[in-house]
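Using full-length UniProt numbering, the letters of the sequence shown map in sequence onto residues 1 to 70. Glycine residues also receive a C-beta, built at the ideal position from the N, C-alpha and C atoms. Since the structure is predicted, the reported quantities are computational estimates derived from the model, not experimental observations. This report refers to the structure that appears directly beneath it.
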Amino acid sequence: MNLDRFLAIVKKYTEIEKLTPTILNEFVEKIIVHAPDKSTGKRVQQVEISYNCVGVIELPDTNETDSKTA
């Protein structure tokens, strides 16, 4: 993990008006799209984005958040 390098890239693109292939390639190392899961009756598909220098950043599960507020 190289946080300083990642922050340098972030500072370089503070005002992005259009996402270009160059910008995307500087930030993203790879994207993994998993097979869809329909076991709950709803189609759910996991997508992992691995960023250059910092890897995968885990975000809270939006499905759990939505069901708690409903």
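Can you tell me where the alpha helix (DSSP H) holding residue i begins and where it ends?
i	result
K12	L3 to K12
I23	P21 to F27
Terminal residues of the continuous beta strand (DSSP E) containing residue i?
i	result
S39	Run containing S39: none; DSSP gives neither H nor E here.
I49	V47 to Y51
Pick out whichever of the options has its Cα sitting closest to the Cα of residue i.
i	options	result
Q45	C53, E29 and A35	A35
L25	E15, T40 and Y51	The identity of residue 25 in the sequence shown is Asn, whereas the question assumes Leu. Checking every option, the nearest Cα to that of N25 belongs to Y51.
G55	S39, F27, G41 and D37	F27
V47	D4, T40, K30 and S39	K30
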